[in-house]
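Remarks on the structure that follows.
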Amino acid sequence: MAEDPRILIIIPAHNEADSLARVIGEIRAAVRADIVVVDDGSTDDTAAIALQENAELLSMPFNLGIGSTMQTGFKYARRGGYDIAVQVDGDGQHDPAELPLILEPVVNGECDLAIGSRYLERGSYSGSACRRAGTAIFSRILSLMTREKLTDATSGFRAINRNLIELFAHDYPRDYPEVEVLLIVHLARYRIREVPVAMRSRGGGRSSINSFRSVYYMVKVLLALLVVASRRHSPKLKEKA
588 MAEDPRILII IPAHNEADSL ARVIGEIRAA VRADIVVVDD GSTDDTAAIA LQENAELLSM
648 PFNLGIGSTM QTGFKYARRG GYDIAVQVDG DGQHDPAELP LILEPVVNGE CDLAIGSRYL
708 ERGSYSGSAC RRAGTAIFSR ILSLMTREKL TDATSGFRAI NRNLIELFAH DYPRDYPEVE
768 VLLIVHLARY RIREVPVAMR SRGGGRSSIN SFRSVYYMVK VLLALLVVAS RRHSPKLKEK
828 A
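The working numbering numbers the first residue of the sequence shown as 588 and each following residue consecutively.
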């Protein structure tokens, strides 16, 4: 890692006009980094606010989802030669004041991916019981699959180094990627570390996960984990190894 790494903050945003300006301002107050807003087909003033705040803007042609939005950001990071990329959601839940904590282990070369965990040590996050249960289930499953303790597998507050920028720019899960990505990173033998952070309530916008999508989310992610694990143990992959 360079002594003064080039850092890119990627803000995936879909209809986050109510909170985006505040998020960008808080990021600039917390760290020295470039900022790119990836507007995922917003129908409000998200794109205009990004430009007003002098952030770089990438606009998706229509709403493609968080996976495609983040991969677009990673492609931009790779093309720009950045050393570190950080996801900070545009809804205000991720507190930019916590960015130095997430960046530190990546900058120091202690891990390839750092996750801001709501439930590690500080554990003050008060999300819905359903969300907490889902996170606990996925964290437990991943802990068993990776043989390392994970407490917040669904957190999108993450920093990655250049190796993973390259990997994710090439391929990134499209639909609800956070949990699946952790298994992919583990199987590729990259290092993961959780960092305790405090998170906030949404500053605006609306969650994309309703009752129906909660069920779909659980089934889809569990199936994705099984597919990723089966690929790792397939005879074809063993022959190539």
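For glycine and all other residues, C-beta sits at the position ideal for the given N, C-alpha and C.
- The segment 766–784 and the segment 666–676 do not touch, with fewer than three beta-carbon pairs separated by less than 8 Å.
- Annotation: the continuous beta strand (DSSP E) that includes S704 extends over L700 to S704.
- Burial state of T630 is exposed, judged by a 10 Å Cβ sphere holding fewer than 16 other Cβ atoms.
- With fewer than 16 other Cβ atoms from the protein chains shown falling within 10 Å of its own Cβ, L813 counts as exposed.
- Check the Cα spacing between R749 and each of H601, L737, K662 and R719: the tightest is with K662.
- Within the same chain, Cβ atoms closer than 6 Å to the Cβ of A620 are found at I594 and I596, the five residues on either side in sequence being excluded.
- Annotated three-state conformation of P687 is helix, per DSSP.
- Taking C-beta separations shorter than 7 Å and ignoring five residues to either side along the sequence, the partners of P760 in its chain run G654, E767, V768 and A811, following chain order.
- V815 and F725 do not touch by the CB rule: their CB atoms are close to 13 Å apart, not below 8 Å.
- With fewer than 16 other Cβ atoms from the protein chains shown falling within 10 Å of its own Cβ, D591 counts as exposed.
- For E613 and E643, the gap between their C-alpha atoms comes out near 16 Å.
- For K736, same chain residues with a beta-carbon under 6 Å away, outside a window of 5 residues either side, are S730 in chain order.
- Residue burial is scored here from C-beta neighbours: A775 has fewer than 16 other C-beta atoms within 10 angstroms and is therefore classed as exposed.
- H773 counts as buried, since at least 16 other C-beta atoms from the protein chains shown sit within 10 angstroms of its C-beta.
- Judged by DSSP in its simplified three-state form, R745 adopts strand.
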